[in-house]
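Heads up: the sequence shown begins at 524 in the working numbering, then just goes up one per residue.
We treat Cβ as the ideally placed atom computed from N, Cα and C, and that holds for glycine.
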Amino acid sequence: MINDKPLKPGQYTREEIFSQPEAWLDALEVLKSHTANIQAAYNERSYAQVIFTGCGSTYYLALAAAALFQELSGQAARALPASELWLYPQSSYPKSGQVLLVAISRSGETTETLRACESFLSKKLGQLVTLSCYGEKALAGLGRLNLVLPSGQENSVAQTRAFSTLYLAATALASIWAGQQDRLAELVKLPKAGRRLLADLPGLAHDLGTDRSLERFYFLGSGPRYGLACELSLKMKEMSLSHSEPFHFLEFRHGPQSMTTPETLMVGLLSEVNRQRELAVLDEMRQRGAKILTISEANTEVAFASGISEAMRNVLYLPIGQLLAFERSLDRGLNPDQPHNLTAVVHL
Ligand code: F1P
524 MINDKPLKPG QYTREEIFSQ PEAWLDALEV LKSHTANIQA AYNERSYAQV IFTGCGSTYY
584 LALAAAALFQ ELSGQAARAL PASELWLYPQ SSYPKSGQVL LVAISRSGET TETLRACESF
644 LSKKLGQLVT LSCYGEKALA GLGRLNLVLP SGQENSVAQT RAFSTLYLAA TALASIWAGQ
704 QDRLAELVKL PKAGRRLLAD LPGLAHDLGT DRSLERFYFL GSGPRYGLAC ELSLKMKEMS
764 LSHSEPFHFL EFRHGPQSMT TPETLMVGLL SEVNRQRELA VLDEMRQRGA KILTISEANT
824 EVAFASGISE AMRNVLYLPI GQLLAFERSL DRGLNPDQPH NLTAVVHL
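Quick look at the structure:
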């Protein structure tokens, strides 16, 4: 309820999606003030591996962050669900050497994430850094460094503003730890690029979100964009209860392509570095009748026109996918603020 008036379905989610650029601005202020602590947390010992972790959306964020960090730094990095670290430590952690564990959580109170961090610390496996949105919750008290981004807080169950704000923080962390702090200057251009996207996209998102001929959605992304493809696929499930699945671009040919029908929408998170090979997959699926939506910096249905380097602009792939899921949810008479059978936090 806002001012005692019942909320319209999706009112929270709409506000959270459209306020992301402002949330990013606030997050960049927090990150700027912590740059020295972020650097110190990485430089104070040498690590055999950096592991990013979370659950659901924040596990997908961890996938995207690990790929970006390794691409920028050359340091071995991977992402695992917090439940794997907690319950399968032998297949998660290296037998020797210290680990830098980055635990990511909107709520800061998801059980698996807390248990994974507690067992990591009790086994003295290395250093813990946490990224979350609520400073008073348990996770924000566990790390050697605890970065809290309050502007990512949200009322909706399905993450949008929280995800993109925490992802922005992970992008800054990766740049600083890779010794490329000068890249942070590029991040300040993101809110303006985000505002322009959010002004331009609603029509396209509404047209696709209300296209009732569409029955299944595939999100393709590779390298640092695969984790984002996973997140957008989860949004489509959580908000609109639609069948959706993420794939690495060229993996789609190895079996899943058999599922392509005229009722399919393929969403391609295109890179520059491998654009032609990625476009080839989409062109083949278009021949099989699928509808195609391409996203990149330029010459695509969704074009950022940000002027930001490829590694620093990945957060801009998110808004169209969030709006698409949002519009489809409303068109199906659902309430994206309260997805079916879902809670904002999983407590075990
Ligand atoms: C993790 C999470 C969300 C999911 C749902 C349940 O929460 O799995 O990713 O969308 O809201 O919780 P958190 O640890 O990031 O708070």
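Asked: C-beta contact flag for P673 and P544 at 8 Å; Found: no
Asked: Counterpart residues of K814 in DSSP-defined beta bridges; Found: L788
Asked: Alpha-carbon to alpha-carbon, L847 and A728; Found: 5 Å
Asked: Closer than 7 Å: L586 CB and nearest the ligand F1P heavy atom; Found: no
Asked: Host alpha helix (DSSP H) of E768 (start-end); Found: Taken as a continuous stretch (DSSP letters only), E768 belongs to no alpha helix (DSSP H), being part of the beta strand (DSSP E) at H766 to F770.
Asked: Beta carbon of L648 nearer than 8 Å to that of V622; Found: yes
Asked: Continuous alpha helix (DSSP H) stretch holding Q845: start and end; Found: L841 to D854
Asked: Neighbourhood of L816 by C-beta distance below 6 Å, restricted to the same chain and skipping five residues each side; Found: V790 and E824
Asked: Close-in-space but distant-in-sequence residues of the same chain around E833 (CB under 8 Å, 5 per side omitted); Found: S794, E795, V796 and E820
Asked: Assigned exposure category for T866 - 16 Cβ within 10 Å defines buried; Found: exposed
Asked: Own chain residues within Cβ distance below 6 Å of L654, not counting five before or after; Found: I627, L670, L689 and A692
Asked: Three CB pairs or more closer than 8 Å across the stretch 743-757 and the stretch 579-591; Found: yes
Asked: Beta-carbon proximity list for S571, same chain, < 8 Å, skipping 5 on both sides; Found: The identity of residue 571 in the sequence shown is Ala, whereas the question assumes Ser. So the qualifying residues of the chain are A599, P617, S619, G620, Q621 and V622.
Asked: The ligand F1P heavy atom lying under 7 Å from the CB of T634; Found: no
Asked: Any non-hydrogen atom of the ligand F1P closer than 7 Å to G658 Cβ; Found: no
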